[in-house]
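Chemist: My structure is below; once you've seen it, I'll send some questions.
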Amino acid sequence: MACIWPSGDDKIILSIDFNLIDFAEVNKLPLHEFDDDGLGRTITTHIYEKENFPVVFMKHLQAQKAYVDIHIDSSCINIKEWEDLLIEKYFKGCLVYFRLSDHKF
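Once you know that position 41 of the sequence shown is 41 in our numbering, the rest is easy, because the numbers rise by one and skip nothing.
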């Protein structure tokens with residue numbers, strides 16, 4: 001499978017409680033379903049934001065808390081800016097379970 005990440009790797013910046021199937025439908029995005037080893041059935045879709053930067057939405061359907069994980073390229077350093085942009089544009093009023101910018105590594 002081809003890698004869409006410019007750096008070759010990704011990181012999760014947000015986990016949000018929302019309906020990924022409805023999101024894909026409303027935004028006319030393809031939705032892919034597959035088995036993720038050890039995590040079960042998974043659905044995913046992606047968009048390209050500013051300057052054609054990939055953003056992937058992934059939900060593990062059989063997880064105890066099936067939030068949608070938002071992935072971006074691991075080379076991205078302006079995490080909070082990306083989180084704010086995506087929340088403002090797509091996820092107003094949704095429960096944000098995790099923000100990478102809230103954690104120091």
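Just so you know, even glycine gets a beta-carbon here, dropped at the ideal spot from N, CA and C.
Please classify K11: does DSSP put it in a helix, a strand, or coil?
Modeler: Indexing the sequence shown from 1 puts residue 11 at position 11. Residue state, collapsed to three classes: strand.
Chemist: One question on the structure: do I24 and T45 come within less than 8 Å of each other, judged by their Cβ atoms?
Modeler: As a first step, residue 24 must be located in the sequence shown, where it is residue number 24. As a first step, residue 45 must be located in the sequence shown, where it is residue number 45. Per the sequence presented here, residue 24 reads as Ala, with Ile not at that position. Cβ atoms of A24 and T45: closer than 8 Å.
Chemist: Got a sec? Which residues, its chain only, sit under 6 Å from H32 by beta carbon, not counting five neighbours each side?
Modeler: Residue mapping note: residue 32 aligns to position 32 of the sequence shown, counting from 1. Correct list, in chain order: T44.
Chemist: Alpha carbons only, please: which of V56, L29, L100, N19 is nearest the one belonging to I77?
Modeler: Counted from its first residue, the sequence shown places residue 77 at position 77. Taking only the C-alpha atoms, the option nearest I77 is L100.
Chemist: Determine the direct distance from the alpha carbon of E51 to that of V68, and round the result to whole angstroms.
Modeler: The residue labelled residue 68 in the question sits at position 68 within the sequence shown. The residue labelled residue 51 in the question sits at position 51 within the sequence shown. So the two alpha carbons sit approximately 23 Å from each other.
Chemist: Between I12 and the rest of its own chain, which residues show a CB-CB distance below 6 Å, the 5 nearest in sequence each way excluded?
Modeler: What you label residue 12 is simply residue 12 of the sequence shown in a count that begins at 1. Correct list, in chain order: D69, H71.
Chemist: What did DSSP end up calling H97 once you bin it into helix, strand or coil?
Modeler: Indexing the sequence shown from 1 puts residue 97 at position 97. The sequence given here places Tyr at residue 97; His does not occur at that position. Reduced to three states, the DSSP call for Y97 is strand.
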